[in-house]
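Participant:
Numbering (our numbering), first residue to last: 9 to 160.
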(Lines of atoms letter the chains of each structure in order from A and count residues from 1; the text may use other names and numbers.)
(Lines give C-alpha, C1' and ligand atoms only; values in the text may rest on other atoms or scores of the structure.)
Protein backbone atom coordinates (compact mmCIF):
# COMPACT_ATOMS: atom_id res chain seq x y z
CA UNK A 1 0.00 0.00 0.00
CA UNK A 2 1.12 3.53 -0.70
CA UNK A 3 0.52 6.97 0.77
CA UNK A 4 -2.33 7.35 -1.74
CA UNK A 5 -4.11 4.37 -0.22
CA UNK A 6 -6.68 4.65 2.53
CA UNK A 7 -7.89 2.23 5.15
CA UNK A 8 -11.30 2.64 6.72
CA UNK A 9 -11.99 0.77 9.94
CA UNK A 10 -15.65 0.23 10.80
CA UNK A 11 -15.83 0.01 14.57
CA UNK A 12 -14.14 2.30 17.09
CA UNK A 13 -13.75 -0.22 19.89
CA UNK A 14 -10.64 -1.99 21.13
CA UNK A 15 -10.04 -3.93 17.89
CA UNK A 16 -10.60 -0.89 15.68
CA UNK A 17 -8.28 1.37 17.67
CA UNK A 18 -5.56 -1.28 17.89
CA UNK A 19 -5.80 -1.88 14.13
CA UNK A 20 -5.49 1.84 13.38
CA UNK A 21 -2.49 2.21 15.68
CA UNK A 22 -0.85 -0.95 14.30
CA UNK A 23 -1.12 0.43 10.77
CA UNK A 24 0.80 3.52 11.88
CA UNK A 25 3.33 1.51 13.89
CA UNK A 26 4.00 -0.68 10.85
CA UNK A 27 4.62 2.39 8.70
CA UNK A 28 1.40 2.70 6.72
CA UNK A 29 1.49 6.24 5.32
CA UNK A 30 -1.99 6.45 3.78
CA UNK A 31 -5.16 7.80 5.32
CA UNK A 32 -6.59 5.87 8.27
CA UNK A 33 -10.20 6.56 9.21
CA UNK A 34 -11.91 5.06 12.23
CA UNK A 35 -15.74 5.05 12.18
CA UNK A 36 -17.77 4.71 15.36
CA UNK A 37 -21.54 4.69 15.67
CA UNK A 38 -21.50 6.06 19.22
CA UNK A 39 -21.08 9.76 19.95
CA UNK A 40 -18.10 9.15 22.25
CA UNK A 41 -14.39 8.74 21.71
CA UNK A 42 -13.29 5.09 21.84
CA UNK A 43 -13.57 3.74 25.36
CA UNK A 44 -12.88 0.62 27.37
CA UNK A 45 -16.00 -1.56 27.66
CA UNK A 46 -15.05 -3.98 30.50
CA UNK A 47 -15.19 -1.28 33.22
CA UNK A 48 -18.79 -0.44 32.25
CA UNK A 49 -20.11 -3.29 34.38
CA UNK A 50 -17.65 -2.69 37.17
CA UNK A 51 -15.89 0.58 38.06
CA UNK A 52 -18.11 2.77 35.84
CA UNK A 53 -21.37 1.57 37.39
CA UNK A 54 -19.84 1.73 40.87
CA UNK A 55 -18.95 5.38 40.29
CA UNK A 56 -15.23 4.65 40.65
CA UNK A 57 -14.39 5.77 37.11
CA UNK A 58 -15.40 8.83 35.10
CA UNK A 59 -15.72 9.32 31.35
CA UNK A 60 -12.15 10.59 30.99
CA UNK A 61 -10.76 7.48 32.68
CA UNK A 62 -12.98 5.26 30.54
CA UNK A 63 -11.68 6.82 27.31
CA UNK A 64 -9.24 4.64 25.41
CA UNK A 65 -7.86 7.36 23.12
CA UNK A 66 -9.02 10.94 22.79
CA UNK A 67 -9.69 12.33 19.31
CA UNK A 68 -6.62 14.55 19.79
CA UNK A 69 -4.34 11.57 20.50
CA UNK A 70 -5.66 9.75 17.44
CA UNK A 71 -5.23 12.87 15.29
CA UNK A 72 -1.59 13.21 16.39
CA UNK A 73 -1.10 9.67 15.10
CA UNK A 74 -2.67 10.59 11.78
CA UNK A 75 -5.91 8.73 12.47
CA UNK A 76 -9.20 10.40 11.61
CA UNK A 77 -12.00 9.55 14.04
CA UNK A 78 -15.61 9.98 12.96
CA UNK A 79 -18.12 9.36 15.72
CA UNK A 80 -21.89 9.12 15.52
CA UNK A 81 -21.85 7.56 12.06
CA UNK A 82 -22.70 4.09 10.87
CA UNK A 83 -22.32 2.37 7.53
CA UNK A 84 -25.56 2.01 5.59
CA UNK A 85 -24.07 0.19 2.59
CA UNK A 86 -20.73 -1.24 1.49
CA UNK A 87 -20.18 -1.06 -2.27
CA UNK A 88 -17.33 -3.53 -2.62
CA UNK A 89 -17.05 -3.12 -6.40
CA UNK A 90 -16.62 0.66 -6.13
CA UNK A 91 -14.70 0.40 -2.82
CA UNK A 92 -16.98 2.97 -1.28
CA UNK A 93 -19.05 3.20 1.88
CA UNK A 94 -22.36 5.00 2.17
CA UNK A 95 -22.84 6.36 5.65
CA UNK A 96 -26.07 6.99 7.53
CA UNK A 97 -25.47 10.75 7.38
CA UNK A 98 -25.69 10.65 3.56
CA UNK A 99 -21.97 10.99 2.92
CA UNK A 100 -19.75 8.53 1.07
CA UNK A 101 -16.25 7.40 1.89
CA UNK A 102 -13.85 5.71 -0.53
CA UNK A 103 -11.33 3.14 0.66
CA UNK A 104 -8.48 1.01 -0.60
CA UNK A 105 -8.59 -1.30 2.43
CA UNK A 106 -11.55 -2.01 4.67
CA UNK A 107 -11.52 -3.51 8.17
CA UNK A 108 -14.70 -4.69 9.89
CA UNK A 109 -14.14 -4.39 13.64
CA UNK A 110 -17.74 -4.08 14.76
CA UNK A 111 -17.58 -6.20 17.89
CA UNK A 112 -20.50 -8.22 19.14
CA UNK A 113 -24.00 -7.75 20.41
CA UNK A 114 -25.29 -9.36 23.60
CA UNK A 115 -27.52 -12.33 22.90
CA UNK A 116 -31.11 -11.49 23.69
CA UNK A 117 -32.75 -13.75 26.24
CA UNK A 118 -35.71 -15.74 25.00
CA UNK A 119 -37.07 -16.37 28.47
CA UNK A 120 -40.42 -15.22 29.83
CA UNK A 121 -40.04 -11.69 31.15
CA UNK A 122 -36.91 -10.94 29.12
CA UNK A 123 -38.60 -8.00 27.45
CA UNK A 124 -40.19 -6.69 30.64
CA UNK A 125 -39.65 -3.12 31.75
CA UNK A 126 -36.36 -2.83 33.62
CA UNK A 127 -34.58 -5.69 31.83
CA UNK A 128 -31.59 -4.13 30.10
CA UNK A 129 -28.57 -5.32 28.12
CA UNK A 130 -25.12 -3.88 28.79
CA UNK A 131 -22.85 -3.27 25.82
CA UNK A 132 -22.37 0.47 25.50
CA UNK A 133 -21.86 3.55 27.61
CA UNK A 134 -25.46 4.55 26.92
CA UNK A 135 -26.59 1.15 28.24
CA UNK A 136 -24.51 1.62 31.39
CA UNK A 137 -25.94 5.10 31.92
CA UNK A 138 -29.49 3.69 31.60
CA UNK A 139 -28.71 0.97 34.15
CA UNK A 140 -27.18 3.49 36.55
CA UNK A 141 -30.24 5.73 36.23
CA UNK A 142 -32.55 2.78 36.88
CA UNK A 143 -30.57 1.76 39.96
CA UNK A 144 -30.59 5.34 41.27
CA UNK A 145 -34.34 5.55 40.73
CA UNK A 146 -34.87 2.27 42.62
CA UNK A 147 -32.71 3.49 45.51
CA UNK A 148 -34.66 6.76 45.64
CA UNK A 149 -37.96 4.85 45.77
CA UNK A 150 -36.69 2.69 48.64
CA UNK A 151 -35.57 5.76 50.59
CA UNK A 152 -38.63 7.83 49.92
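We treat Cβ as the ideally placed atom computed from N, Cα and C, and that holds for glycine.
What are the partner residues of residue 85, as DSSP defines its beta bridges?
Facilitator: Mapped onto the chain shown, residue 85 falls at position 77. 42.
Participant: Rank 65, 151, 60, 93 by C-alpha distance to the C-alpha of residue 105 and give the top, closest one.
Facilitator: Translated into the one-based positions of the chain shown, residue 105 becomes position 97. Selected option, being the one with the closest Cα: 93.
Participant: For a quick check, are the C-beta atoms of residue 19 and residue 79 less than 8 Å apart?
Facilitator: Here residue 19 refers to the residue found at position 11 of the chain shown. Here residue 79 refers to the residue found at position 71 of the chain shown. No.
Participant: Helix, strand or coil for residue 100, going by three-state DSSP, please let me know.
Facilitator: The residue you call residue 100 lines up with position 92 of the chain shown. The answer is strand: DSSP assigns residue 100 an E or B state.
Participant: So what's residue 30 in DSSP terms, helix, strand or just coil?
Facilitator: Residue 30 sits at position 22 when you count from the first residue of the chain shown. Helix at residue 30.
Participant: Over what stretch of residues does the alpha helix (DSSP H) that includes residue 152 continue unbroken?
Facilitator: Translated into the one-based positions of the chain shown, residue 152 becomes position 144. For residue 152, the enclosing alpha helix (DSSP H) starts and ends at 141-159.
Participant: Between the segment 39-54 and the segment 84-91, can you find at least three pairs of beta-carbon atoms closer than 8 Å?
Facilitator: yes
Participant: For a quick check, are the C-beta atoms of residue 15 and residue 31 less than 8 Å apart?
Facilitator: Within the chain shown, residue 15 is the residue found at index 7, counting from 1. Within the chain shown, residue 31 is the residue found at index 23, counting from 1. Yes, Cβ-Cβ distance for residue 15 and residue 31 is below 8 Å.
Participant: Would you call the CB atoms of residue 138 and residue 57 closer than 8 Å?
Facilitator: The sequence position of residue 138 within the chain shown is 130, counting from 1. The sequence position of residue 57 within the chain shown is 49, counting from 1. At a Cβ-Cβ threshold of 8 Å, residue 138 and residue 57 count as neighbours.
Participant: Beta-carbon within less than 6 Å of residue 65's beta-carbon, same chain only, minus the 5 sequence neighbours each way: which residues are those?
Facilitator: In the chain shown, the residue the question calls residue 65 occupies position 57. So the qualifying residues of the chain are 55, 59.
Participant: Comparing the CB of residue 132 with every heavy atom of the ligand NAP, is any distance shorter than 7 Å?
Facilitator: Among the components modelled here there is no ligand, and therefore nothing to report on the ligand NAP.
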